[in-house]
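Have a look at the structure below before the remarks.
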Amino acid sequence: VEANAVSKQEYVNVVAAAKQAEADVAASKAALQIAQINSGYANVTAPIAGSIGRALVTEGALVSATEATQLAVVQQTNTVYLNIAQSAAELQKLRRSSAAKLRGANAALPVTVVLDDGTELPSKGKLLFSDVTVDPTTGQVTLRAEVPNPDNALLPGQYVRARLSQAELPKAILVPQQAVTRGGQQGDTVIVVGADGKPGPRPVKVGAQQGSNWVVLDGLKEGEQVVVDGFQKMMVPGAPVKPVPWTPPAAGPASASAQASR
């Protein structure tokens, strides 16, 4: 303007056009912000990651404007919690075993999950806590376990069986109950077949029962042969016998029922 390159009128027009453009940009930004707000009302974002179930509200259904309406349920299934029902008497044994294990290994009590078809999950869980009250109608206490579920093998509300390891006895040996004679003159005894093939009684120290077996704490070594069946065939004391492998009857593992939840 000072150099008379443009007229004052042209300068005023250019400045006015620039300000109008700035105003248009501001108006567009405001419109964009309003559109984003409206879009936020139309889109529902899940607050957590997981698997979503069926829609609880269909398009066009009447919902309340004053109360929150549940649209769907999102479940986090990568880790599930098991609610285990255990009798109060068994819980006392479990607590003693858990305390000994925690003092010795500083680790949580492991939990093995067994499905209805007998399949064990490869991932082991851990016992978190037990309830502080006993249900007076059932005499049971609810325990809570945490189980990794990377393959989504467990679903919320599913019933499974949970096996809790009460103790670890690395040198203990399981012997079928029918192979142990309880309460004789020599105490608890079993018939052991020696290296020469001759059977003979041997005193043993029996611990807890596990399924259809006794836990032998002392008196047997790994690899020794114990007579389970065919006692009537040993007519002559000290006569050699020909042992054959014994096949135990099929039996399901004893365990507590549990329900998966999240």
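The working numbering applies: residue 7 is where the sequence shown begins, and numbers increase by one. A virtual CB, placed ideally from N, CA and C, is assigned to each residue, including glycine.
For residue i, the first and last residue of its enclosing beta strand (DSSP E)
| i | result |
| --- | --- |
| K132 | G131 to S136 |
| L149 | Q146 to P154 |
| T85 | T85 to S93 |
| P5 | With the chain covering only 7 through 268, there is no way to say anything about residue 5. |
N-terminal and C-terminal residue of the alpha helix (DSSP H) that residue i is part of
| i | result |
| --- | --- |
| Q15 | K14 to A48 |
Exposure label - residue i; buried when at least 16 CB within 10 Å
| i | result |
| --- | --- |
| V250 | exposed |
| T143 | exposed |
| K248 | exposed |
| Q146 | buried |
| A95 | exposed |
| T118 | buried |
| Q98 | exposed |
| P205 | buried |
| A151 | buried |
| D235 | exposed |
| V269 | It is not possible to answer for residue 269, since the shown part of the chain is limited to 7 through 268. |
| L38 | exposed |
| L68 | exposed |
| I43 | exposed |
| I197 | buried |
| I90 | buried |
| Q26 | exposed |
| Q92 | buried |
| V153 | buried |
Cβ-Cβ separation, residue j to residue i (assumed contact under 8 Å), whole Å
| i | j | result |
| --- | --- | --- |
| L195 | P209 | Here the sequence assigns Thr to residue 195, which means Leu is not the residue at that position. Right, their Cβ atoms sit about 5 Å apart. |
| L88 | L77 | Not quite, the Cβ-Cβ distance comes to about 28 Å (not below 8 Å), so this is no contact. |
| I54 | V80 | 6 Å |
| V232 | L180 | At roughly 10 Å, the Cβ-Cβ gap does not stay under 8 Å, so V232 and L180 are not in contact. |
| L115 | S171 | 7 Å |
| P207 | Q191 | Contact flag wrong, Cβ pair sits at about 10 Å. |
| G213 | A178 | 7 Å |
| G225 | K211 | 6 Å |
Interface flag, residue i vs chain D, CB-CB below 8 Å
| i | result |
| --- | --- |
| A178 | This model lacks chain D altogether; it includes just one protein chain. |
**Asked** Can you list the beta strand (DSSP E) stretches of 3 or more residues lying completely in the segment 169 to 256, in chain order?
**Response** 179 to 182, 187 to 190, 193 to 199, 205 to 209, 211 to 216 and 219 to 224
**Message:** Could you check whether the segment 179 to 197 touches the segment 124 to 133, counting it as contact only if at least three pairs of C-beta atoms, one from each stretch, sit closer than 8 Å?
**Reply:** no
**Prompt:** Given 8 Å as the limit, is there contact between the segment 155 to 169 and the segment 201 to 216, that is, 3 or more CB pairs closer than that?
**Reply:** no
**Segment contact flag, the segment 71 to 86 with the segment 151 to 161, C-beta cutoff 8 Å, min 3 pairs** = yes
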